[in-house]
Amino acid sequence: MGRPARLTKQLVKPNAIPMKVSQESENLVSKTVPTGRPDAVASGPSTDARLPLVAKGISKSYGVVRALQQGDFELRRGEVHGLVGENGSGKSTLVGIVSGTVRPDTGTVEIDGSSCTRHTPWESQRHGALTVFQDGSVLTDLTVAQNLYLGTPVSQRPAYRRVDQWASERVRDFGLDRIPVTALADTLSPGDRQLLEIARALMAKPAVLLLDEATSALDAAGVAIALDLMSRAAADGCGVVFVTHRLSEVFRVADRISVLRDGIWQGTYGRDEVDTNRLVELMAGTSVDVEFPDRARPDEIGEPLLAASELRGIGYGPVDLAIRAGEIVGIAGADDNGQLELLRGLAAIDVPDGRLDVKGSPVTSFGQSVGAGVALLSSDRRRESLFQSLAIRENLVVGVLGKLSTAGVLSWAKEKGQVRESVDTFGIRLGSAEDPITSLSGGNQQKVALGRVLATEPDVLLIDEPTQGVDVRSRIDIYHMLRDSAKRGLAVVLVSSDASELAGLCDRILVASRGVIVAELPGATATEERIVEAFAVESDRSGEDAAAVRTAAAETVVPEAAKPPGALRQLVRNHPEAMRLGLLVLMLVALGAYTQSRNDTFLTSASLYNVLLFALPLAAVAAAEFAVMFVGGIDVSVGALMGVTVALLSFIVTTTSLIGGLVVSILVAIGVGIVVGSVNATLVERVRISPVIATIATLGILQGIGLLLRPTAAGSISLDLTNGLTSKISFIPWPMVVLAVLFLIADRLLRSTGQGLRLRATGLNPQFAYRLGVNAPRLRSLSYVVCSILAAFAGILLAGQVGVGDSTVGNQYTLLAIAAPILGGASLLGGRGTFIGCMLGAILLAMAQTMPTTLGLGDGASFILTGALTLIALLIYTTGAAKAARTYGRTIVRKVMPSRRSSPAAG
Ligand SMILES: Nc1ncnc2c1ncn2[C@@H]1O[C@H](COP(=O)(O)OP(=O)(O)OP(=O)(O)O)[C@@H](O)[C@H]1O
Numbered sequence: 058m059g060r061p062a063r064l065t066k067q068l069v070k071p072n073a074i075p076m077k078v079s080q081e082s083e084n085l086v087s088k089t090v091p092t093g094r095p096d097a098v099a100s101g102p103s104t105d106a107r108l109p110l111v112a113k114g115i116s117k118s119y120g121v122v123r124a125l126q127q128g129d130f131e132l133r134r135g136e137v138h139g140l141v142g143e144n145g146s147g148k149s150t151l152v153g154i155v156s157g158t159v160r161p162d163t164g165t166v167e168i169d170g171s172s173c174t175r176h177t178p179w180e181s182q183r184h185g186a187l188t189v190f191q192d193g194s195v196l197t198d199l200t201v202a203q204n205l206y207l208g209t210p211v212s213q214r215p216a217y218r219r220v221d222q223w224a225s226e227r228v229r230d231f232g233l234d235r236i237p238v239t240a241l242a243d244t245l246s247p248g249d250r251q252l253l254e255i256a257r258a259l260m261a262k263p264a265v266l267l268l269d270e271a272t273s274a275l276d277a278a279g280v281a282i283a284l285d286l287m288s289r290a291a292a293d294g295c296g297v298v299f300v301t302h303r304l305s306e307v308f309r310v311a312d313r314i315s316v317l318r319d320g321i322w323q324g325t326y327g328r329d330e331v332d333t334n335r336l337v338e339l340m341a342g343t344s345v346d347v348e349f350p351d352r353a354r355p356d357e358i359g360e361p362l363l364a365a366s367e368l369r370g371i372g373y374g375p376v377d378l379a380i381r382a383g384e385i386v387g388i389a390g391a392d393d394n395g396q397l398e399l400l401r402g403l404a405a406i407d408v409p410d411g412r413l414d415v416k417g418s419p420v421t422s423f424g425q426s427v428g429a430g431v432a433l434l435s436s437d438r439r440r441e442s443l444f445q446s447l448a449i450r451e452n453l454v455v456g457v458l459g460k461l462s463t464a465g466v467l468s469w470a471k472e473k474g475q476v477r478e479s480v481d482t483f484g485i486r487l488g489s490a491e492d493p494i495t496s497l498s499g500g501n502q503q504k505v506a507l508g509r510v511l512a513t514e515p516d517v518l519l520i521d522e523p524t525q526g527v528d529v530r531s532r533i534d535i536y537h538m539l540r541d542s543a544k545r546g547l548a549v550v551l552v553s554s555d556a557s558e559l560a561g562l563c564d565r566i567l568v569a570s571r572g573v574i575v576a577e578l579p580g581a582t583a584t585e586e587r588i589v590e591a592f593a594v595e596s597d598r599s600g601e602d603a604a605a606v607r608t609a610a611a612e613t614v615v616p617e618a619a620k621p622p623g624a625l626r627q628l629v630r631n632h633p634e635a636m637r638l639g640l641l642v643l644m645l646v647a648l649g650a651y652t653q654s655r656n657d658t659f660l661t662s663a664s665l666y667n668v669l670l671f672a673l674p675l676a677a678v679a680a681a682e683f684a685v686m687f688v689g690g691i692d693v694s695v696g697a698l699m700g701v702t703v704a705l706l707s708f709i710v711t712t713t714s715l716i717g718g719l720v721v722s723i724l725v726a727i728g729v730g731i732v733v734g735s736v737n738a739t740l741v742e743r744v745r746i747s748p749v750i751a752t753i754a755t756l757g758i759l760q761g762i763g764l765l766l767r768p769t770a771a772g773s774i775s776l777d778l779t780n781g782l783t784s785k786i787s788f789i790p791w792p793m794v795v796l797a798v799l800f801l802i803a804d805r806l807l808r809s810t811g812q813g814l815r816l817r818a819t820g821l822n823p824q825f826a827y828r829l830g831v832n833a834p835r836l837r838s839l840s841y842v843v844c845s846i847l848a849a850f851a852g853i854l855l856a857g858q859v860g861v862g863d864s865t866v867g868n869q870y871t872l873l874a875i876a877a878p879i880l881g882g883a884s885l886l887g888g889r890g891t892f893i894g895c896m897l898g899a900i901l902l903a904m905a906q907t908m909p910t911t912l913g914l915g916d917g918a919s920f921i922l923t924g925a926l927t928l929i930a931l932l933i934y935t936t937g938a939a940k941a942a943r944t945y946g947r948t949i950v951r952k953v954m955p956s957r958r959s960s961p962a963a964g
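Sequential numbering of the sequence shown, starting at 58, is according to my numbering.
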C-alpha cells in the first residue's frame with residue numbers, strides 16, 4: 058500500500074511543517090487578527106511616499122452575497138503582495154474593482170496617486186494598473202501580436218502597420234521569442250497563453266500589476282519564468298498583487314501576504330511571519346487536515362477498463378497504455394508535450410488512429426466512448442466544461458437528467474436532492490442554485506463541473522487540471538472524492554501541471570514528451586522533484602533541455618500548422634475570408650452559367666443590369682447590417698427604416714436637381730439614421746434589451762411612422778434623382794461602382810487599423826475586449842448608429858428605383874439584409890466577414906430572386922432558392938473549416954512524430 062503523502066510537503070515549501078491546525082490556534086487567530094482591516098506589517102521592501110495602490114473602505118455585494126466587506130488594502134512600491142483566501146472569499150472581486158471591471162458599492166481606489174472615479178478598465182490602465190485575469194483575456198481568433206497590441210495602453214501602442222515587428226521585439230524582451238507572434242493565439246498552449254498575458258501586462262511598465270491565478274496553467278518551468286518576471290517587475294519598482302491557491306508559490310515570491318475569508322480581511326503579514334499552517338488556518342478559520350488520501354492497495358486494482366494500442370492523433374502518439382479499475386494515473390510533462398491531446402484521444406475525440414478499447418470493446422468515436430462509460434472533464438470551463446448560459450442547478454443536473462426523471466418527466470424533488478448532494482459534497486459556496494453559473498467564483502465553478510461529471514457515475518474519468526483554481530481545503534476534498542470513487546472501481550486518468558498533485562495523489566505517473574510516453578514512475582516513490590527530473594532526463598537523452606524541447610515543438614508544430622503544403626491549402630488556412638469570397642464568386646458563376654444554359658437572354662447587358670439594380674439597395678442595407686453584426690449585434694429594423702426614408706424623400710425631394718437632391722437626401726439619411734440608431738443603441742446598451750427584441754420594437758414603430766407618412770404609395774420623388782441613381786456605366790449602375798470602392802476601402806481599414814482590430818475584438822469577445830481596455834459598449838452603440846445611417850442611405854438608393862413615396866417597399870429587405878452578409882462570410886456571433894462579401898452576397902441573392910422569373914418559375918422558387926443558397930454556403934463554410942483543421946492536424950502528427958514508440962505505460 059502506498060503511504061499517504063502530505064499536501065504540505067507537496068504543495069508548499071519543501072520544509073514546511075506538516076499541518077493539522079489545532080482549535081487552540083484557531084482561537085488565537087480570532088483573538089489576534091482584527092477583521093475588517095489588514096495589519097500594517099513593517100517587513101518587506103522599502104516604501105515610497107506615494108503608494109502604487111490604495112483601496113479604502115471597499116465593499117461589494119451581489120444580491121445577498123457579500124463578496125467584499127469594508128476593507129482597506131495597500132500595496133507598496135517594489136513588493137510582490139500575495140493575496141490568498143478560499144474559493145469565493147473575494148480575491149477576484151478586489152482584483153476586478155482595482156482593474157475597473159467591477160464597480161464597488163463603497164470605497165475609493167487610488168492608483169499611483171490618481172483616484173479612480175469612473176471604474177472602467179481604461180481608466181485603471183491609464184493610471185498604471187494592468188491585470189491578468191483568472192479566466193484570461195486572450196482572444197483566440199486573433200494573432201499573438203494583435204492580442205499584445207489590444208492589451209497595451211493606447212499611449213504605448215505602435216503604429217498598427219508595425220504590429221508584428223513590435224510584438225516580436227516585445228516578446229524577445231521577455232525571453233518568450235519561441236512564441237510566434239503571427240500565429241493565432243488559439244494555437245498556443247494554455248501555459249503559453251498565461252505567459253503571454255503576463256508579458257502583455259508587463260510591457261506597459263505598470264505601477265501596479267494584478268495577477269489573478271496567473272500561474273494556474275503553468276508547469277514547473279512556466280512557473281519559474283512567471284515568478285521571475287514578477288520579481289523583476291517588483292525590482293523595477295512595480296507593485297505586484299499575486300492571487301493564487303498555490304501557497305508554495307506565494308512563499309517563493311511574495312514579500313507580504315494578505316488573507317481574505319468570506320469577504321473579510323484577516324490581516325497582512327510579512328512572508329517570514331507566517332507559515333503554510335497559519336495561512337491555511339487564517340483562510341479556513343478552522344483546523345484543516347490536509348493529507349492526501351491513501352493510494353490504492355494492489356488488491357484494489359482491477360481489470361483494465363481503458364486500453365490504447367498504437368493510438369495516435371493530433372499532437373500525440375503512438376501510445377500504448379492500459380488503465381485499470383481502481384487506479385488513478387497521472388500524465389505529467391512539460392507544458393505542450395501532447396498530454397492534453399492524449400487525454401482527448403483517450404476519449405476518442407476526433408476518432409484517432411490506432412486501437413482504443415473501453416471495458417474490452419473497441420470504441421471509435423466520442424459518442425461510443427461516452428456510451429461505454431467514459432467521462433471527460435476539460436479544464437476549459439468557459440467553452441467546454443460548463444454551460445455558461447445555464448443556472449448552477451442546471452449545470453449540476455444536466456448530465457443525469459435520465460436518472461432524475463420518471464417516464465421522461467423530470468422530478469423536481471429528485472433534482473433538488475441531487476443539487477443539494479453536490480453542493481454539500483463539494484462545499485460549493487453559492488447564493489442560490491438558480492443564479493447563473495457565471496456568478497460563482499472560479500474555484501466554485503470548478504467544483505460544479507466536477508460535481509456534474511461525477512454524478513454521471515462514469516467507469517473511466519479523464520480529467521484535465523482537476524483542481525485548477527480550487528483552494529487548499531477543497532483540493533483535499535476533491536482528492537478524497539476521486540480516491541473514494543476509484544475504490545468503488547473508477548479508473549481515473551488526470552493531466553496536471555502541478556507535479557506535487559501528481560506525486561501526492563496518483564498510483565502511477567506517466568511522463569509525456571513530444572506526445573509519447575517516455576517514462577513511468579510509481580506513485581509511492583514519486584515526488585515533485587522526481588517528476589520534474591524525469592522531463593529533464595528525457596530532454597538530456599536527446600541532447601536538449603526542457604526549453605529546447607518546447608522551442609523545437611513550437612518551431613516544428615506551429616509553422617507546419619500555419620503553412621500546410623500546397624498553395625490552395627495555404628490560402629484556405631491563412632485567408633479564410635478570401636476563401637469564402639472565392640466560394641461566393643464560384644456560386645455566382647455557377648448560378649449564372651446554369652441560368653444562361655436554360656435561357657440565353659440572361660447574360661445580356663439589360664438582364665445583368667436588372668440584377669445589379671435589384672442588388673444595389675440590398676448591398677447597401679447588407680453593409681448596414683454587417684456594421685452591427687461585426688460587433689456581435691443585430692438590427693432587424695433596417696428594412697422598415699429604408700421604407701421610412703423613401704416616404705420622407707417623397708415629401709422633401711420632389712423637384713430638386715440630381716446634386717441638390719443627393720445632398721438633401723444624404724442629410725435626411727444622416728439625421729434619420731442618427732435618431733433611429735441612437736434609440737436602438739440606448740435600448741440595447743443602456744436598457745440592456747436583447748438586440749432582436751429591441752429592434753423588432755423599433756421596426757414596428759418605424760413601420761407605423763411610414764404608414765402615417767404615406768398610408769398608400771403617393772408623391773413622386775425627383776426625376777433627376779431617380780434617373781441619376783439608376784444610370785449606368787456599361788451594364789453596372791454607377792452607385793454600385795461607388796459602393797464597391799467604398800466597401801474595399803472599409804475592408805482595408807477594418808483589417809489594417811487599430812480601430813478595426815478593436816471592432817473585431819468587440820465582436821469576437823466583448824467581455825475580453827472590455828478587460829483589455831476596449832470601450833466595447835461605446836463601439837457597439839456607435840455601430841447601431843452607423844447601421845441606421847447606412848440603412849437610410851440604402852433607402853435613398855431604393856427611392857431612386859421606386860420613384861414614389863411607398864413606405865412598405867423596405868419590408869422585403871429585412872431578412873435579405875441579414876442573409877447577404879452571412880453569405881458573404883459574416884457570423885451572427887460577430888468578428889467575421891467583409892463589406893465586399895456583403896455586396897457579393899447581395900448580388901447572389903438578387904440573382905436567386907430574379908432567376909426563377911427568367912426561367913419562368915414562380916415566386917415560391919425564388920424564396921426556396923434564396924434559402925437553399927444560404928444553407929449551402931453555411932454548410933460549406935463550417936464543414937470546410939473543420940475538415941481543414943483535421944486534415945492539417947493529421948499531416949503534422951505524422952510529420953513530427955513519425956516512429957516514436959511508447960512502451961513503459963502499458964499496465
Ligand atoms: N457577477 C457575480 N454575480 C453574483 N455573485 C458573484 C459575482 N461575482 C462574484 N460573485 C460572488 O462573490 C463572492 C466572491 O467571489 P470572488 O470571485 O471574488 O472569489 P475568489 O476569492 O476570487 O474565489 P476563487 O478563488 O474561487 O476565484 C463569491 O461568493 C461569488 O459567488
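Virtual Cβ for every residue (Gly too), placed ideally from N, Cα, C. None of the values given here were measured: they were computed from a predicted structure.
Query                                                                                                                      : Result
Coarse secondary structure for GLY383, derived from DSSP in three states                                                   : coil
Neighbourhood of GLU357 by C-beta, 7 Å cutoff - its chain only, sequence neighbours within 5 removed                       : GLY383 and LYS544
Delimiting residues of the beta strand (DSSP E) encompassing VAL550                                                        : 548-552
CB contact flag (ALA405, LEU413, <8 Å)                                                                                     : yes
Presumed contact (8 Å Cβ cut-off) between ILE691 and LEU816, rounded CB distance                                           : About 15 Å separates the two Cβ atoms, so there is no contact after all.
Contacting residues, own chain, Cβ-Cβ under 8 Å from GLY600 (five flanking each side not counted)                          : The predicted model places GLY600 with a pLDDT of 43, which falls under 50 and marks its position as unreliable, so this point remains unresolved.
GLU558 vs MET340 beta-carbon contact at 8 Å                                                                                : no
Backbone secondary structure at GLY728 - three-state DSSP                                                                  : helix
Touching by the beta-carbon criterion (3+ pairs, under 8 Å), the segment 223-230 and the segment 188-196                   : no
Nearest to ALA930 (by Cα), restricted to the options GLY888, GLY882 and THR891                                             : GLY882
Where SER479 falls, given that 16 or more other Cβ within 10 Å makes a residue buried                                      : buried
One or two residues paired with CYS173 in a DSSP bridge                                                                    : VAL166
Cβ-Cβ separation, VAL517 to ALA548 (assumed contact under 8 Å), whole Å                                                    : 5 Å
Option in ASP319, GLY327, GLY324 and LEU268 with minimal Cα separation from ARG303                                         : LEU268
ASN780: CB within 7 Å of a non-hydrogen atom of ligand 1                                                                   : no
CB of ASP916 within 8 Å of CB of ARG767, strictly                                                                          : no
Terminal residues of the beta strand (DSSP E) in which TYR326 lies                                                         : 321-327
In chain order, each alpha helix (DSSP H) run of at least 4 residues that lies wholly inside the segment 205-242           : 220-230
ASN780 classed as buried or exposed, judged by whether at least 16 other C-beta atoms fall within 10 angstroms             : exposed
LEU434 vs LEU507 beta-carbon contact at 8 Å                                                                                : yes
Nearest-angstrom Cβ-Cβ length linking GLY820 and GLY887, presumed shorter than 8 Å                                         : 3 Å
ALA240 versus PHE349 - alpha carbon distance                                                                               : 41 Å
Per-residue DSSP class, three states only, for LYS117                                                                      : strand
Closest by C-alpha distance to VAL347, when choosing among ASP534, LEU641, GLY147 and LEU740                               : ASP534
LEU645 and ILE900 closer than 8 Å at C-beta                                                                                : yes
Status (buried if at least 16 other CB within 10 Å, exposed otherwise) for ASP541                                          : exposed
Close beta carbons around ILE762, own chain, < 6 Å, minus the five adjacent residues each side                             : VAL701
Any non-hydrogen atom of ligand 1 within 7 Å of SER818 CB                                                                  : According to the sequence shown, residue 818 is Ala rather than Ser. Not under cutoff, so the answer is no.
Check: THR301 C-beta below 7 Å from any heavy atom of ligand 1                                                             : no
As assigned by DSSP and simplified to three states, the class of PHE299                                                    : strand
Residue closest to ILE385, alpha-carbon to alpha-carbon, out of GLY370, VAL376 and PRO355                                  : PRO355
Cut-off 6 Å between Cβ atoms - residues of its own chain near LEU519, not counting five sequence neighbours on either side : LEU400, LEU403, ALA404, LEU433 and VAL550
VAL300 beta carbon less than 8 Å from that of VAL420                                                                       : no
Test item: CB-CB of THR200 and ALA242 under 8 Å                                                                            : yes
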